[in-house]
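Residue numbers (the working numbering): 6 to 330. Even for Gly, the Cβ is constructed at its ideal location relative to N, Cα and C. What follows is one structure encoded as structure tokens, with my remarks underneath.
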Amino acid sequence: MANPSAAGEVELARVMAHCGGRPVDAVEFLVGAIASQPSAPEPYAALAELWRDRRSEVDEGLRRKGSLRAGLAQSYFFFLDGEVDDAAMALGSVTGARPDVAWGAAPWFGDARFLDAVSAEALAEACLRTLDHGPHLDTDEARHRFEPWFHAVDVVSARSPVPEALASMSRLPRACGRYELALALCDRADAVERVFWTAVARGTTWRVMGDLDRAVAAFEDALTLDPDNWSLHLDLADLRADQGDFAAAVDLADRGLVHEPDEVSLRAAAAAYRARLSGTPDDLRALVELAPDLENPAYRERLVDLACAGPGLSPDLVAEALRVR
């Protein structure tokens, strides 16, 4: 079925006639109008009328469809029913599936009835869902599309500054290159209570920005809040390696192994940084054995490249290590 050529062509009686009186097809048609112009109010008005008059048929049809368009319609129906947390999370899932469309421009998403009621936890989860498929959002175009999300995050975080939720929210502006907002959310969270996740969010933001000294300081702060966290030890080891301090990197990886001695990424990092520091063949051989078990290929390549730059390593051993990259 063709989509409407203009968002204004959505008077419900005409849509129903066009769709043969089938409510679910009318929903699909109206969502197509929204996709072409998410900020136009007319399709939402028609959807609200359809939800009011033919709710049981629409609800049953949407459950059967399970499509992205059904998810978008459901997000608005949640809002109409006052289930704003579910509305936020549903829109987050739709946005994650199609981040190239400005779904957040929906009038209801900026409505005070939504912003005054949605919980910080639900909006945080919605923000995470927008990133489900790892889209590249650090562009002017993406920042423009996500402006309604930034506004919602700002309003809700000020109204309900739940530290863990704000740390999660910060991932969206960070992914979009809105670093000042990401850091402001961390400041807002710290004003309530210092928690581990806020320190990690701050450190990750500084790291993405390329400020390794501030990233290290933030991760060290996180480590004071959760000193047994092996993953944080690894993050700090990697940062110290990025700074060229391989002695500190080895120490941090070894300290992480105290808490999680079988973790392959920690074992591989400790071997790689020791090989880079001292040029010990046994450590490079250990890395060669561990490398196939590293799930992240980019991290595997990074560790192998660093280790192979260790002093005095034989060309044959280096060539063997490079083959496992």
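| Item | Value |
| --- | --- |
| Close beta carbons around Phe114, own chain, < 6 Å, minus the five adjacent residues each side | Pro153 |
| Other residues of its chain near Ala129: CB distance less than 7 Å, five sequence neighbours each side excluded | Ala170, Ser173 and Met174 |
| Three-state secondary structure assigned by DSSP to His138 | coil |
| Selection from Tyr81, Arg164, Ser61 and Arg69 that minimises the alpha carbon distance to Leu35 | Tyr81 |
| Backbone CA spacing between Glu294 and Ala196 [nearest angstrom] | 46 Å |
| N- and C-terminal bounds of the alpha helix (DSSP H) containing Val113 | For the record, residue 113 in the displayed sequence is Trp; it is not Val. No alpha helix (DSSP H) holds Trp113; DSSP gives it neither H nor E. |
| Length at least 4, wholly inside the region 141-177: the alpha helix (DSSP H) runs in chain order | 145-150, 152-164 and 168-174 |
| Nearest residue (CA-CA) to Thr210, options Asp240, Gly97, Arg179 and Trp202 | Arg179 |
| Under 8 Å between C-beta atoms of Gly66 and Pro104 | no |
| Extent of the continuous alpha helix (DSSP H) to which Val213 belongs | Phe201 to Met214 |
| Uninterrupted beta strand (DSSP E) stretches inside the region 284-322 (no shorter than 3 residues) | none |
| Same chain, Cβ closer than 7 Å to Phe84, neighbours up to 5 away in sequence not counted | Ala92, Trp113 and Phe119 |
| Residues near Ala127 in its chain [Cβ-Cβ closer than 7 Å; skip 5 each side] | Asp90, Ala93 and Met94 |
| Whole-Å CB distance - Phe224 paired with Leu186, under 8 Å assumed | The pair is not a contact, with the Cβ atoms about 21 Å apart (cut-off 8 Å). |
| Proximity to Arg272 [Cα-Cα], best of Ala296, Arg148 and Ala252 | Ala296 |
| Neighbourhood of Cys181 by C-beta distance below 7 Å, restricted to the same chain and skipping five residues each side | Leu142, Asp143, Ala147, Arg148 and Phe151 |
| Chain B within 8 Å of Ala102, Cβ atoms only | Given the protein chain composition of this structure (a single chain), no chain B is represented. |
| CB of Arg332 within 8 Å of CB of His238, strictly | Absent from the structure is residue 332, since the part of the chain shown begins at 6 and ends at 330. |
| Neighbourhood of Ser319 by C-beta distance below 8 Å, restricted to the same chain and skipping five residues each side | Pro286 |
| Buried or exposed by the 16-neighbour rule on C-beta atoms within 10 Å, applied to Glu198 | exposed |
| Assumed close pair Leu177, Thr135 - CB separation to whole angstroms, cut-off 8 Å | 6 Å |
| Short Cβ contact (8 Å threshold) for Ala291 with Ala276 | yes |
| Same chain only: Cβ atoms within 6 Å of Ala125, ignoring 5 sequence neighbours per side | Val161, Ser165, Val167 and Ala170 |
| Reduced DSSP category for Glu54 - H, G, I as helix; E, B as strand; rest coil | helix |
| Distance between beta carbons of Ala242 and Ala274, contact taken as under 8 Å | 6 Å |
| Option nearest Phe201 by Cα separation, candidates Ala227, Ala312 and Leu322 | Ala227 |
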